[in-house]
Structure formats: C-alpha cells, structure tokens
Amino acid sequence: MAAADYVEIYKELSMDIEKHEELMSALFQIYPEIFLKQKNRPKGMEYFDWLMSEIHGKRIVELLEIKKQGKPLVGTFCIFVPEEIVIGAGGACYGLCGGAQFSIPDAERDLPRNICPLIKSAYGFKVQRTCPYTQSSDFIYGETTCEAKKKTWELLNKLHPTHVMHIPQMKREREKNLWRQEIYDFKKHIEEIIGRELTFEELKEGIEKINKKREAMQRLDYLRSANPEVVPISSKDGLLVNQISFYDDPDRFTRKVHELCDELEERIEKGISVVPPGTPRIMVIGTPMALPNWKLHHVVETTGGVIINEEACIGHRYYKDNIDIEGAKTVDDLIERMLERYMKIDCACFTPNEERIEKIIRMYKEKKADGIIYYSLSFCHTYNVESKKVIDRTGSRQRAFRS
Ligand code: BJ8
Numbered sequence: 046m047a048a049a050d051y052v053e054i055y056k057e058l059s060m061d062i063e064k065h066e067e068l069m070s071a072l073f074q075i076y077p078e079i080f081l082k083q084k085n086r087p088k089g090m091e092y093f094d095w096l097m098s099e100i101h102g103k104r105i106v107e108l109l110e111i112k113k114q115g116k117p118l119v120g121t122f123c124i125f126v127p128e129e130i131v132i133g134a135g136g137a138c139y140g141l142c143g144g145a146q147f148s149i150p151d152a153e154r155d156l157p158r159n160i161c162p163l164i165k166s167a168y169g170f171k172v173q174r175t176c177p178y179t180q181s182s183d184f185i186y187g188e189t190t191c192e193a194k195k196k197t198w199e200l201l202n203k204l205h206p207t208h209v210m211h212i213p214q215m216k217r218e219r220e221k222n223l224w225r226q227e228i229y230d231f232k233k234h235i236e237e238i239i240g241r242e243l244t245f246e247e248l249k250e251g252i253e254k255i256n257k258k259r260e261a262m263q264r265l266d267y268l269r270s271a272n273p274e275v276v277p278i279s280s281k282d283g284l285l286v287n288q289i290s291f292y293d294d295p296d297r298f299t300r301k302v303h304e305l306c307d308e309l310e311e312r313i314e315k316g317i318s319v320v321p322p323g324t325p326r327i328m329v330i331g332t333p334m335a336l337p338n339w340k341l342h343h344v345v346e347t348t349g350g351v352i353i354n355e356e357a358c359i360g361h362r363y364y365k366d367n368i369d370i371e372g373a374k375t376v377d378d379l380i381e382r383m384l385e386r387y388m389k390i391d392c393a394c395f396t397p398n399e400e401r402i403e404k405i406i407r408m409y410k411e412k413k414a415d416g417i418i419y420y421s422l423s424f425c426h427t428y429n430v431e432s433k434k435v436i437d438r439t440g441s442r443q444r445a446f447r448s
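Letter by letter, the sequence shown follows residues 46 to 448 of the numbering used here.
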C-alpha cells in the first residue's frame, strides 16, 4: 500500500499529509533494508511484514470502524493501563509510537532537550499531527511513572484529551488500595463512552482475550531461546512481533503468533538456525524500544551476536503475567485479580524493586545467555540508577549501555 491510498482518511483525522508522507517514505525505505533483506526468515513473518505495510493503512480503517460503532479507542504509553477493560468494552487499546527521531525536533519547541527521547518522540507526533493512532483516539491515557511523563501530559492535554492514572511507586497495602481505585476510575471512564456499565461476561472476555495474547507471546519468548544451538528467528523479527503486539487486533495477533511458533518449533526440530553455532546469545534488559526503534538489535545482529529476548515493557514485562480468573464470580472479583496481576509489573519506577533483579538472574540462567546488555534511554533516571544494582548483583564487569 502507499500512504497516498489513505489520504482522505488522514484528512478526516486532521493530519499533516505532507509531513506524514515524509515520515512514511523514510519508514518504507529502511524497512526493506532492515527486515526484508534478512536471510532464512520464517515464512510466518510475512503476516507481520504485511501488518507493518498497513500499519497506517488498513489497521487504521479497522480502528475507525470500531469507533463508528461507539466503542472506545484509547492510546497509551505504559503497560500499566489495563487494556482488558477497553477490549471488554469492544474497543481498541494501542501503544503510541515513541521510537522515532523524526518527531523530536518539533517536540523540543515545547519540551526540554534533556528528557527521555521516548516522551519527546511521542509528544512530537501529536504536535506534528503525523500519527493516525493518536489522531483517532478518543483520549490518551498517561500515567505518573516518571517525572517527565507526568508533566508532559499536562502539555499534551492542551492538544488532545489526556487522562492520567496515578501509578503507585511502592507495593504496600496502601498503594494497592490506591491502584484499585485507579482501575475502577479507568473502568468508569470507558463506560462513559459506551454509555453503560460493563458486564461480568464482557470484562471476563476482555481478560481472556488478552490472557491468550500474552500466552502466545510467552510461547514465542520460550522458543527464541529454547535450544542453545538453534536460534529459529532473528533478534529483529522477535522484537518486531513484540512491537506489533501493541497495534494489532488481539485475536488475529494471537492466531498469527501461534502459527509462527508452530513453524519455529519445526525449525528447532530440524536444526534450522538464523545464526551459526556458537553465536553469542544476548539478553537485552531495561527500557522499552518503541516502534520503529530497531537500532540496537540491528547493531548486535550485524556484528556477530543475537538477542534472544527483551526484558522490557515491549517484551517480557508486558506478557510475563496473566490474570488468573479461576473462581471469579463478580466484576469486583475480576478487578481484584487485575489488581494482583498489575502489581506484579516490575518497572524501575517502584522502590524497592528487588523482584526485577531476581527475575533477571533467573532468566539469565534459564536461557543460558552469554551476556546481558542493559539498555537505558537517556535521562531515564529510574532504569539508569537501577542498572547499578543489576550490575552489582549479576557480577558484570562492564557498564550499562545508554542511548
Ligand atoms: S511500566 S518502563 S512502559 S513506565 S518514559 S520511565 S523510559 S524516562 S517507558 Fe515505561 Fe510503564 Fe515503566 Fe514500562 Fe524511563 Fe522514558 Fe520515563 Fe519510560
């Protein structure tokens, strides 16, 4: 598809058509270089290539169809926003891009240069009006995980309806009470759009759909590193699937990830690896790599290494835990289970956050990795400072990689 095929839609969304064309032509230039030229790719990646080619096309048409039916479209920046509620209401919840340099100069007219690039990138897309996801959302849900984010939402709200969830930063009973209240408020907000209360069945269905999606991603995570001799999918393709999980229809995505995994299982059995035996297997841990940030994976893979998983919110932190709904009988029960699951998120915004460090050590051993790259976006103070504890505990000899 060409972005030009959807110009009428972009006009309806008040987008800056020229600037958007510039963005898409840059993306269409680098995508074939970075992804399509890879040798020995699984056939199952064709679907994800297609989705990428339609990420500002057919997928937007699908979302606008949902909106026409009076269902909510919610843009987010953090895996703390309980998407199960939006999905239960028949709507769509998606992550807003923050991985492109393209929008940063426009953001820096309002924001200081020395804050996290992910925030500047996402804010810049709204300033430029080049992101159809932002433009079509009923509202954006921000949160209070870091200083730069929570103050940026005040500015973003002047450009687009933006609500803020108060994310706790400790995990004591009193913080759990706060978070429970935030989930109820979020639910109420979604119910205002659909004009009625969500039923138990709807909420349960939303949870089940996202549980299934997370299970598919857990399976992919496992297969990427299951056999130390065979890496059945490239680092970049693994990352790409994780990134697309924030945009695609959850049911279709789940199906396609399982199809890909079936193929990867076959590859492992037949010994089909994308890298030669003995290639260093690296775990990347730290801050998220939002679309279209592929640089670290590209660098590692073109210099003789391979990344076998991402301990990040675009990655393992997003799909590691499901919501256990066994025995839940009421909406309140479901919210309680949701609370338990979301409080397991081990973002560095929590203090203390020992569970993350324990998890990293466990994963490193289980995956028989040869090394870890600690990836922290510039000015992300929480992840940056936490790297010291991770380095000390893992006995690493080198400093963290900061980008
Ligand atoms: S749960 S990692 S998605 S907050 S924007 S904190 S990189 S300085 S993204 Fe995050 Fe939720 Fe935590 Fe995950 Fe740092 Fe940048 Fe802030 Fe960031």
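C-beta atoms are modelled at their ideal positions from N, C-alpha and C, and glycine is treated no differently. Only a predicted model underlies this, so the values are computations on that prediction, with no experimental measurement involved.
Cutoff 8 Å; reference residue i; Cβ partners in own chain excluding five residues on either side
i, result
"E274", "G316, S318 and P322"
"I111", "L118, G135, G136 and A137"
"K88", "E308"
"K412", "S270, R326, M328, I353 and N354"
"Y178", "I105, L108, G120, Y139, L141, C142 and Y292"
"G349", "T324 and P325"
Any non-hydrogen atom of ligand 1 within 7 Å of residue i CB
i, result
"Y387", "no"
"A271", "no"
"F170", "no"
"A137", "no"
"R259", "no"
"V409", "One detail in the question is off: residue 409 reads as Tyr in this sequence, not Val. No - ligand 1 has no heavy atom lying nearer than 7 Å to the Cβ of Y409."
"K194", "yes"
"Y364", "no"
"L422", "yes"
"T190", "yes"
"L163", "yes"
"C142", "no"
"T427", "yes"
"P213", "no"
"P150", "no"
"P397", "no"
"F125", "yes"
"T332", "yes"
"I390", "yes"
Beta-carbon contacts of residue i that lie in its chain and below 7 Å, excluding the five residues immediately before and after
i, result
"H343", "I79 and K281"
"I100", "Y292"
"M388", "K216, K221 and W224"
"N159", "F424"
Contact under 8 Å by Cβ, residue i with residue j
i, j, result
"I330", "I417", "yes"
"Y55", "F291", "no"
"D151", "Q173", "yes"
"L156", "I252", "no"
"I255", "I370", "no"
"E457", "K194", "Residue 457 lies beyond the range of the chain shown here (46 to 448); nothing can be said about it."
"F245", "T375", "yes"
"G144", "N338", "yes"
"I239", "G440", "no"
"G120", "S70", "no"
"I390", "E356", "no"
"K301", "Y92", "yes"
"H208", "Y229", "no"
"N367", "E237", "no"
"S279", "Q74", "no"
"I359", "Q263", "no"
"L163", "P333", "yes"
DSSP three-state assignment for residue i, whether helix, strand or coil
i, result
"L58", "coil"
"C306", "helix"
"R259", "helix"
"A71", "helix"
"A137", "strand"
"L118", "strand"
"R326", "strand"
"I130", "helix"
"M215", "coil"
"I405", "helix"
"V209", "strand"
"I313", "helix"
"I124", "coil"
"I160", "coil"
"I418", "strand"
"F147", "helix"
"Y387", "helix"
"D437", "helix"
"M46", "Confidence in M46 is poor, its pLDDT being 46 and thus under 50, which makes the residue's placement unreliable; the coordinate value appears in the next sentence. Here M46 sits in coil by DSSP."
"E381", "helix"
Own chain partners of residue i with C-beta closer than 6 Å, once the 5 adjacent residues on each side are dropped
i, result
"Y363", "I124"
Residue-chain proximity (residue i, chain B), Cβ-Cβ < 8 Å
i, result
"G416", "In the structure shown, chain B does not exist; there is a single protein chain."
Within the stretch 166 to 202, ranges of the beta strand (DSSP E) (whole runs, at least 3 residues)
Correct list: 184 to 188.
Which ranges would you report for the alpha helix (DSSP H) in the stretch 244 to 292 if only whole runs of at least 4 residues count?
Those alpha helix (DSSP H) runs which fall completely within the stretch 244 to 292 and span 4+ residues are 245 to 270 and 280 to 289.
Quick check for students: name the residue ranges of the beta strand (DSSP E) that lie wholly in the stretch 332 to 378, counting only runs of 3 or more.
Within the stretch 332 to 378, the complete beta strand (DSSP E) runs of at least 3 residues are 351 to 356.
Which full runs of the beta strand (DSSP E) of 3+ residues lie inside the stretch 80 to 121, going along the chain?
You should have 118 to 121.
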